[in-house]
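Novice: Protein chains in written order, with the UniProt record's numbering: chain A, 1 to 195; chain Z, 1 to 971. Built from N, CA and C at the ideal position, the CB exists for glycine as well. Got a structure for you, written out below as structure tokens; questions coming shortly.
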């Protein structure tokens, strides 16, 4: 399973108050929307998300100026290319197990490895900014929230502390109840660690 | 604007072209791939300094296009970066073509072909191709057009072919190609790959093509495990060093030495009223022991002390329970503790106890000193007194209902139900634990430590000290410092303890938290008369490390330092508080009072070696959050980590030397590949040392295992067993490989020793090293075993723990835990005569049944259910009798309960629902009883009774008639 999945798009549509129509996974194993365009289906997570935003009443969350728009696109692409796969290495693990590629618990290492890389990147980016694109919230923040939720859920306090910027950003974003929907409010009370 | 890129990257060409189209001026800066921000190039640098690394975002920024196309622009640019490029990288990224990916590329081209049908361009920009066409064109043109498959493409996808040709001749395209040079084909693919990161992609994920996956993984592994030139040079330099320090023999007694690292290690003193369980062991003594052993192997000057904490109400209560004297209890449990720790190979410098003359002397002296400094005052306090026992009921001598959560078995100091600290006089319905009668409240004079007065000095000390504490320790202490301290009572009206050395108060003893921490001092004194060199050091630095579970933190971070600061005699204060969270047993709590979990004495009987226990407990050490002991996990870790990884590596290396090199370490001439494994191991070694310096035992253990993992991989890839049969050069190489492996084994034997001392000794004997020492833990990897060193006789180190054994153990200890509970509950049936204790027994039994039902099968829990039902029946009988006496009241309030009944009673069908409702109603009644008059709560009691009766009727059918009679007869 990839993280930019049908469920994720559904969550985003709900947040934006738009109907995504029928969603499915295409033969290229990416999410696709059947009803957003006339006569043809639309494939690609980032594309669908941008289309949904335009259909919604919140089109300004694509970014108010050209630079922010470019940054928003950039992070959507980042989600599609990288964050998307932060969980799928479980498959790798299973196959590795069969081949005893590594002797012990390869899975855990591999998963942590990929996650660590993304989080380090995000952590770097978020070091200086409130939102992923700078000072205003864009759809990139929204998308990252949904994509990362399951991963953040699984972090230990220590890991949360390690990726402190991601944690701070995530905690800020998740305070929006409309955004959170039925998802769990994750505890970032890192005071436990630092006090 | 500035385009920053590596050499020949087709994606940079897209930016060049886009800048031209958008009539923007852009310079090109070529950089090496190391420069890549977040590992990605090219990057478009805006004048504002913002850098955009997404090509699709950058080209759209450079060439703004009309809204009407935006969806399709997004779609195709996303397709380019998320489909086409990953496919091409998989296809040609290894420097040669991997044809297994051709079908993927073909299906993408088919898509493109279909989209271009009847169209000149995907998206037109007036009459010209848009930046979308140009981008995809660049991707394809730069990568696969020079390859052989382009001929197939021309045949199979004529539309694409036409499109490719049409765009190539456009002047602006030609200009851009001239401006930014690209070497087409595999080089271009490599150039993209070097600065992009396509993780395991969607294509390989879904179809799980095995070859593709392992390719990706190999690539990744290389990516992670590349070793820099500098690391290799360092390793090579260190490797030639053949002097390997030895561990110095510690003198007796160990005393602090000026100029050395003097480390005093204590482990929280275990209470001498119970057998320690695995959680206690890893929480303090084992953690402290691993750390102490590490320090000794680093040639630090180490003193490690511990002992049993023997005074206090817990011991006295236990003595009452077992009908003996506290001293006998202490002697018995001191022996048990001592044996257990010895079995676990805990290497104390001294394991003492607190019931010694030294303890009395030191505690009394400190008390008088603190008093003379003005930090002690007296105050009258209300205490519970049991008249029939003639005893003040402190702490564990009294039980009752918790004022917070209504748990019926709360103790006088703490509630097991909600975990909160309880003030004994606040308990609802308190009862003497010995005789079960209700105690009275009496005033008694007690001594208080004036914490608010010491607080400023304590805060000042804590501010600088707490940086060295583990995060758990800081977290627990913080609220104490933040909320301000209150005076703490340090005496009790008990018999078992150190008497207060003041006339008129000699019948009082010191409360355990005041006396226990001073045990560290008195135990040190038992060890050496020169104990003050450790505790009141002059001219030397002593670092005090204290290990404990988090429940002990306040005593070590607040109370103990406060006492010592108040005494103001230059005592050593704790520097490092190494606290852990809790270890759970198979997802439930270990509980001394409830007898759940594997205890120290059980570990011995499992047949699992102490070292394996040590290893596993360290592996699951609750360093940053609660962790779980699990039999299956224990077996898995033993089999995968110890047997297959560590044991396998050591045995393979040594057997190879024995068979092929006549047990002599062969000459070694390490080349780059050999140095690489040393460099990787060096990284792990450095991390190991760094982790242990902070007492992060769990992390450090993983670095040990990583070294043997590197060793295994190294041996596997070098195949010395093949090379040893080859040419002379091959043989030499095999010698080098195996010599390096032996040296890694020697290193591992030292690193492993703090965790598994006996195994380490065995490995050292197999290596032909002196096994009276454990080996120095170095900072850098040097040659430990020079060529020509003769090894000993290798033999397997670990044995497999199979599933059958796991099941057997789980059952054995699962069954064992139930026995004491069963005894207790069958005992209560006969004992309980009054409604309150019956209710308590029902609640307890209900909890037990629920726990059992969740985990065990029917045969186990059925008898417990029967007991529960009997208890409930008894209660129903009992209460219906008492009910008659209040008939009048019943009539009086007849109307109200009727209404409520419908809501709370009659509507409920299932026994489980009823049980829950009864519990709820019970709480309500108890609350009301505490606050209101009888007339108010009586109706609610009636409801409760009715519900209980209902339950009895409902479940009564299950109870066999005979057992019912039997229980009545007994009564």
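Could you give the distance in angstroms between the alpha-carbon of residue 9 (chain Z) and the alpha-carbon of residue 191 (chain Z)?
Specialist: Spanning the alpha carbons of residue 9 (chain Z) and residue 191 (chain Z) requires a straight line of approximately 5 Å.
Novice: Taking the C-alpha atoms as reference points, what is the distance between residue 765 (chain Z) and residue 647 (chain Z)?
Specialist: 15 Å
Novice: Just to make sure I have the definition right: I need the residues of chain A whose C-beta is within less than 7 Å of the C-beta of residue 58 (chain Z). Which are they?
Specialist: 70
Novice: Taking residue 380 (chain Z) as part of the beta strand (DSSP E), name the residues at either end of that continuous run.
Specialist: Looking at the DSSP string, the run of the beta strand (DSSP E) that includes residue 380 (chain Z) is 376 to 386.
Novice: Grab me the residues of residue 643 (chain Z)'s own chain with a C-beta within less than 7 Å of its C-beta, minus the 5 sequence neighbours each way, in chain order.
Specialist: Result list for residue 643 (chain Z): 798, 800, in chain order.
Novice: For residue 27 (chain Z), count neighbouring C-beta atoms within 10 Å of its own C-beta (all shown protein chains included) and say buried if the count is 16 or more, exposed if not.
Specialist: exposed
Novice: What residues in its chain sit with their C-beta under 8 Å from that of residue 179 (chain A), if we drop five residues either side in the sequence?
Specialist: Non-local beta-carbon contacts of residue 179 (chain A) in its own chain, meaning distances under 8 Å to residues more than five positions away in sequence, involve 15, 142, 145, 173 in chain order.
Novice: Among Z:748, Z:670, Z:678, Z:123, whose alpha-carbon lies nearest the alpha-carbon of residue 704 (chain Z)?
Specialist: Comparing alpha carbon positions, the residue from Z:748, Z:670, Z:678, Z:123 closest to residue 704 (chain Z) is Z:748.
Novice: Thinking C-alpha only, which one of Z:711, Z:569, Z:465 is nearest residue 556 (chain Z)?
Specialist: Measuring from the Cα of residue 556 (chain Z), the nearest candidate turns out to be Z:465.
Novice: Just reading off the beta strand (DSSP E) that residue 266 (chain Z) is part of, what are its end residues?
Specialist: Its beta strand (DSSP E) spans residues 262 to 267.
Novice: Buried or exposed: which applies to residue 671 (chain Z), given that a residue is buried once 16 or more other Cβ atoms fall within 10 Å of its Cβ?
Specialist: exposed
Novice: Using beta-carbon positions only, say whether residue 787 (chain Z) and residue 655 (chain Z) come within less than 8 Å of one another.
Specialist: no
Novice: Apart from the five residues just before and just after residue 884 (chain Z), which ones in its own chain have a Cβ nearer than 7 Å to its Cβ?
Specialist: With a pLDDT of only 44 at residue 884 (chain Z), under the threshold of 50, the placement of this residue in the model should not be trusted; the figure read from the coordinates follows. Nothing listed; no residue qualifies.
Novice: In angstroms with no decimal places, state the Cα-to-Cα distance between residue 163 (chain Z) and residue 120 (chain Z).
Specialist: 7 Å
Novice: Nearest to residue 358 (chain Z) by CA position, among Z:526, Z:105, Z:97, is which residue?
Specialist: Z:526
Novice: Which one of Z:266, Z:153, Z:284, Z:94 has the shortest CA to CA distance from residue 621 (chain Z)?
Specialist: Z:284
Novice: Using a Cβ-Cβ cutoff of less than 6 Å, which residues in the same chain neighbour residue 792 (chain Z) once the five nearest sequence positions on both sides are dropped?
Specialist: 765, 766, 768
Novice: Given this structure, state the Cα-to-Cα distance separating residue 22 (chain Z) from residue 152 (chain A), to the nearest angstrom.
Specialist: 41 Å
Novice: What three-state label does DSSP hand residue 966 (chain Z) in the structure shown?
Specialist: A caution first: residue 966 (chain Z) carries a pLDDT of 39, below 50, which makes its placement in the model unreliable, though a value can still be read off. In the structure shown, the three-state DSSP call for residue 966 (chain Z) is helix.
Novice: Does the contact criterion of 3 or more C-beta pairs under 8 Å hold for the region 104 to 115 of chain Z versus the region 145 to 162 of chain Z?
Specialist: In short, these stretches touch, since the Cβ pair count reaches three.
Novice: By the 10 Å Cβ neighbour count, where 16 or more other Cβ atoms means buried, how is residue 659 (chain Z) classified, buried or exposed?
Specialist: exposed
Novice: Go ahead and pull the three-state DSSP assignment for residue 926 (chain Z).
Specialist: helix
Novice: Under 8 Å Cβ-Cβ, which residues of chain A neighbour residue 83 (chain Z)?
Specialist: Result: 28, 30.
Novice: Given residue 558 (chain Z), which residues of its chain have a CB within under 6 Å of its CB, disregarding the five upstream and five downstream residues?
Specialist: 480
Novice: If you compare alpha carbons, which of A:81, A:77, A:19, A:39 is closest to residue 57 (chain A)?
Specialist: Out of A:81, A:77, A:19, A:39, A:19 has the C-alpha closest to the C-alpha of residue 57 (chain A).
Novice: Report buried or exposed for residue 242 (chain Z), applying the criterion of at least 16 other Cβ atoms within 10 angstroms of its Cβ.
Specialist: That one is exposed.
Novice: Closest to residue 342 (chain Z) by C-alpha separation, out of Z:451, Z:614, Z:125, Z:474, would be which residue?
Specialist: Z:614
Novice: Taking the runs of the alpha helix (DSSP H) that are 4 residues or longer, which of them lie wholly in the region 564 to 631 of chain Z?
Specialist: 600 to 605, 610 to 619
Novice: Closest Cβ-Cβ distance between residue 43 (chain A) and chain Z: below 8 Å?
Specialist: yes
Novice: Given that residue 66 (chain A) touches chain Z, what residues does it touch there, using C-beta distances under 8 Å?
Specialist: 61, 64
Novice: So residue 150 (chain A) is in the alpha helix (DSSP H); what residue range does that whole segment cover?
Specialist: 139 to 153
Novice: Residue 182 (chain Z) and residue 150 (chain Z) - do their beta-carbons sit closer together than 8 Å?
Specialist: Not a contact, by the Cβ cut-off of 8 Å.
Novice: On the three-state DSSP scale, how would you describe residue 244 (chain Z)?
Specialist: coil
Novice: Tell me the rounded alpha-carbon separation between residue 418 (chain Z) and residue 400 (chain Z).
Specialist: Residue 418 (chain Z) and residue 400 (chain Z): Cα-Cα distance of roughly 14 Å.
Novice: Determine, for residue 615 (chain Z), whether the minimum Cβ-Cβ distance to residues of chain A falls below 8 Å.
Specialist: Under the Cβ distance rule, residue 615 (chain Z) does not count among the residues neighbouring chain A, no pair being separated by less than 8 Å.
Novice: Could you list which residues in chain Z have their beta carbon closer than 7 Å to that of residue 46 (chain A), in chain order?
Specialist: 74, 78
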